[in-house]
Amino acid sequence: MKRRNLLAGLAGAMVAGCSKVAETEPMASLLHRAEDWHRKAHRALASNTALAPEFSPQDISPYFRGNGTLNPATPAYEAAAANNFADWRLEVRGLVNNPLSLSLDDIRALPQRTQITRHDCVEGWSAIGKWTGPQLGILLDQAYLSDEARYIIFRCADKLGGSDYYESVDLVDAYHPQTIIAHMLNDAPLPIANGAPLRMRIERQLGYKHAKYLTAIEAVAELGAVEGGKGGYWEDRANYAWYAGI
Amino acid sequence: MKRRAPRHRLFTRLWHWINLLCLVILFMSGLNISNAHPRLYWGQAGFSPSEAWAFIPNFPGWATIPGYYSLAAARQWHLLFAWVFAIGLLAFMVVSVINGHFRKDIATRLKEWRKSSIMADIRAHLRLDFSHGAGQYNFLQKAAYGLVIFIMLPLMIFTGMAMSPAMDAAWPWLLDIFGGRQSARSIHFICAWGLFGFLILHVALVFLSGPIGQLKAMILGGSRDETP
Numbered sequence: 001m002k003r004r005n006l007l008a009g010l011a012g013a014m015v016a017g018c019s020k021v022a023e024t025e026p027m028a029s030l031l032h033r034a035e036d037w038h039r040k041a042h043r044a045l046a047s048n049t050a051l052a053p054e055f056s057p058q059d060i061s062p063y064f065r066g067n068g069t070l071n072p073a074t075p076a077y078e079a080a081a082a083n084n085f086a087d088w089r090l091e092v093r094g095l096v097n098n099p100l101s102l103s104l105d106d107i108r109a110l111p112q113r114t115q116i117t118r119h120d121c122v123e124g125w126s127a128i129g130k131w132t133g134p135q136l137g138i139l140l141d142q143a144y145l146s147d148e149a150r151y152i153i154f155r156c157a158d159k160l161g162g163s164d165y166y167e168s169v170d171l172v173d174a175y176h177p178q179t180i181i182a183h184m185l186n187d188a189p190l191p192i193a194n195g196a197p198l199r200m201r202i203e204r205q206l207g208y209k210h211a212k213y214l215t216a217i218e219a220v221a222e223l224g225a226v227e228g229g230k231g232g233y234w235e236d237r238a239n240y241a242w243y244a245g246i
Numbered sequence: 001m002k003r004r005a006p007r008h009r010l011f012t013r014l015w016h017w018i019n020l021l022c023l024v025i026l027f028m029s030g031l032n033i034s035n036a037h038p039r040l041y042w043g044q045a046g047f048s049p050s051e052a053w054a055f056i057p058n059f060p061g062w063a064t065i066p067g068y069y070s071l072a073a074a075r076q077w078h079l080l081f082a083w084v085f086a087i088g089l090l091a092f093m094v095v096s097v098i099n100g101h102f103r104k105d106i107a108t109r110l111k112e113w114r115k116s117s118i119m120a121d122i123r124a125h126l127r128l129d130f131s132h133g134a135g136q137y138n139f140l141q142k143a144a145y146g147l148v149i150f151i152m153l154p155l156m157i158f159t160g161m162a163m164s165p166a167m168d169a170a171w172p173w174l175l176d177i178f179g180g181r182q183s184a185r186s187i188h189f190i191c192a193w194g195l196f197g198f199l200i201l202h203v204a205l206v207f208l209s210g211p212i213g214q215l216k217a218m219i220l221g222g223s224r225d226e227t228p
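Top line first, the protein sequences correspond to chains Z and D. Numbering-wise, UniProt numbering puts 185 at position 185 of the first sequence, and it's gapless, one number per residue. Numbering-wise, UniProt numbering puts 63 at position 63 of the second sequence, and it's gapless, one number per residue.
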């Protein structure tokens, strides 16, 4: 027997064995549960306000790759883009005592944070960019977040495969100092491919958490009743981890 | 009568087989993850072909876990078994310090590092002469095991952690050690294939030195020759 065939045969048996094991209830739940261990380990190793590394201007990537939706291209979005997003509103709603509806000018008038951070895609690549915007925590405070709120949902103007994109984080990441609503990339208004006019930055998690084309911020007590129930577009469809710190 | 020590201690055997299972699952799920973005870069960041130093071929389904392309499922396997692998390695290291496995079996002595004795060892390997006493490792064997246990396996763990954005916030020094996330990813990939090479060499040498006896000893313990 050729050695290569032996290796392929062994590997094939391993693949078949793993898929059989993965179908069993305990293994399936273990594969899913490890995500909670990652979150707990990360939270134990770092304080809730530990910052993702920030870089210097010469580290900024020559251009910033867009991923996922590169243009929502709906009639409403096209009209808003043609109008330079002058009428764009960001709602803050759900379990808040003071719902908000903010224009881009309102958002620019808030205290701003600028950070040069690394964006890590779940696929493996990274890009470094300079982001500017107000901290999400400021908006949540202005909206008087209710005591029952546990998660923050990000609603988006783009659809992927016919469904609305959305994402969510818990309050630790919502109130993290680097969690900002970015309206600028590299000192210019956010390009359409990168989420114009507003996108989230969740710097200690992977790229799919950083919702683009942001239309609303919604506070909820549980994720189960929202969309597919797993807390995000890719989580609902492709079983991606909701906690994406790794 | 005093019981003779086994050639391989129970804990060493247990770890050896658990670790093999982990490495196979980690390697094969890792190949699936590699298929998601089959380019490697040096430095902090990188995404375009013009920045890449390596273009990796697509790995076929028979070599990946799961056997079809699924980044989400491959990551679940990879990250679950990373825990087993890391905790297992840590336990093996602690126990092997305590029970003397490292000191007695893996540590090399100064005189073994002389060129003449290394050359003699290489010549013995080329003659396929492995008669250095059961349970006694020769110099090349100790050096290979030492390299794997103390350098390559820990390197896999720490380069893996350096790719996690949350770990980079907790332990920013991970990036300083490896020169950035994309460098860590490149080292992770190179080291994984280095371990694959070790596996092939290791299995080949088991076959050349009496596979039945070697396997039996690694499963049941075997017996140790008296010190020559």
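C-beta atoms are modelled at their ideal positions from N, C-alpha and C, and glycine is treated no differently.
Residue i classed as buried or exposed, judged by whether at least 16 other C-beta atoms fall within 10 angstroms
i              : result
residue 144(Z) : exposed
residue 234(Z) : buried
residue 161(Z) : exposed
residue 139(D) : buried
residue 36(Z)  : exposed
residue 229(D) : An answer regarding residue 229(D) cannot be provided, because it is not within the stretch 1 to 228 covered by chain D.
residue 229(Z) : exposed
residue 96(Z)  : buried
residue 20(Z)  : exposed
residue 111(D) : exposed
residue 174(D) : buried
residue 109(D) : exposed
residue 16(D)  : exposed
residue 180(D) : buried
residue 13(Z)  : exposed
residue 219(D) : exposed
Reference residue i, options the options, closest by Cα
i              : options                        : result
residue 32(Z)  : 47(D), 75(D), 29(D)            : 75(D)
residue 148(Z) : 223(Z), 158(Z), 234(Z)         : 223(Z)
residue 116(Z) : 14(Z), 50(Z), 57(Z)            : 57(Z)
residue 20(D)  : 202(D), 207(D), 69(D), 208(D)  : 202(D)
residue 22(Z)  : 209(D), 81(D), 142(D)          : 81(D)
residue 107(D) : 116(D), 97(D), 114(D), 159(D)  : 97(D)
residue 164(Z) : 100(Z), 232(Z), 193(Z)         : 232(Z)
residue 84(Z)  : 67(Z), 98(Z), 105(Z), 20(Z)    : 105(Z)
residue 65(Z)  : 193(Z), 6(Z), 103(Z), 159(Z)   : 193(Z)
residue 17(Z)  : 52(D), 63(D), 178(D)           : 63(D)
residue 113(D) : 167(D), 59(D), 142(D), 105(D)  : 142(D)
residue 150(D) : 90(D), 217(D), 179(D)          : 90(D)
residue 189(D) : 11(D), 168(D), 31(D), 121(D)   : 31(D)
residue 46(Z)  : 94(D), 118(D), 166(D)          : 166(D)
residue 83(D)  : 157(D), 219(D), 204(D), 186(D) : 157(D)
residue 50(D)  : 41(D), 11(D), 119(D)           : 41(D)
residue 68(Z)  : 212(Z), 239(Z), 245(Z), 100(Z) : 212(Z)
residue 52(D)  : 58(D), 37(D), 65(D)            : 37(D)
residue 199(D) : 171(D), 14(D), 144(D)          : 144(D)
residue 26(D)  : 68(D), 72(D), 85(D), 12(D)     : 85(D)
Residue i - DSSP class collapsed to helix/strand/coil
i              : result
residue 130(Z) : strand
residue 223(D) : strand
residue 247(Z) : Because chain Z is modelled from 1 through 246, residue 247(Z) falls outside the range shown and cannot be assessed.
residue 228(D) : Summary for residue 228(D): the model assigns pLDDT 39, below 50, so the residue's position carries little reliability, and this model does not support an answer.
residue 256(Z) : An answer regarding residue 256(Z) cannot be provided, because it is not within the stretch 1 to 246 covered by chain Z.
residue 235(Z) : helix
residue 117(D) : helix
residue 1(D)   : Bear in mind that a pLDDT of 46 at residue 1(D), under 50, signals an unreliable position, so the number given afterwards is only what the model happens to contain. Three-state result, residue 1(D): coil.
residue 54(Z)  : coil
residue 19(Z)  : helix
residue 154(D) : helix
residue 18(D)  : helix
residue 220(Z) : strand
residue 234(D) : In the structure displayed, chain D extends from 1 to 228; residue 234(D) sits before or after that span and is not available.
Cβ pair residue i, residue j closer than 7 Å
i              : j              : result
residue 222(D) : residue 7(D)   : yes
residue 216(Z) : residue 78(Z)  : no
residue 208(D) : residue 128(D) : yes
residue 199(Z) : residue 214(Z) : yes
residue 192(D) : residue 159(D) : no
residue 274(Z) : residue 175(Z) : Missing from the structure shown is residue 274(Z); chain Z here goes from 1 to 246 and no further.
residue 155(Z) : residue 180(Z) : no
residue 158(Z) : residue 72(Z)  : yes
residue 142(Z) : residue 113(Z) : no
residue 48(Z)  : residue 129(Z) : no
residue 195(D) : residue 152(D) : yes
residue 131(Z) : residue 182(Z) : yes
residue 170(Z) : residue 151(Z) : yes
residue 94(Z)  : residue 227(Z) : no
residue 77(D)  : residue 29(D)  : yes
residue 50(Z)  : residue 169(D) : yes
Exercise. Are the region 117-129 of chain Z and the region 44-59 of chain Z touching by the rule of at least three beta carbon pairs closer than 8 Å?
Worked result: yes
For this session: Kindly confirm or deny that the region 123-131 of chain Z and the region 34-48 of chain D touch, where touching means at least three C-beta pairs closer than 8 Å.
Result: yes
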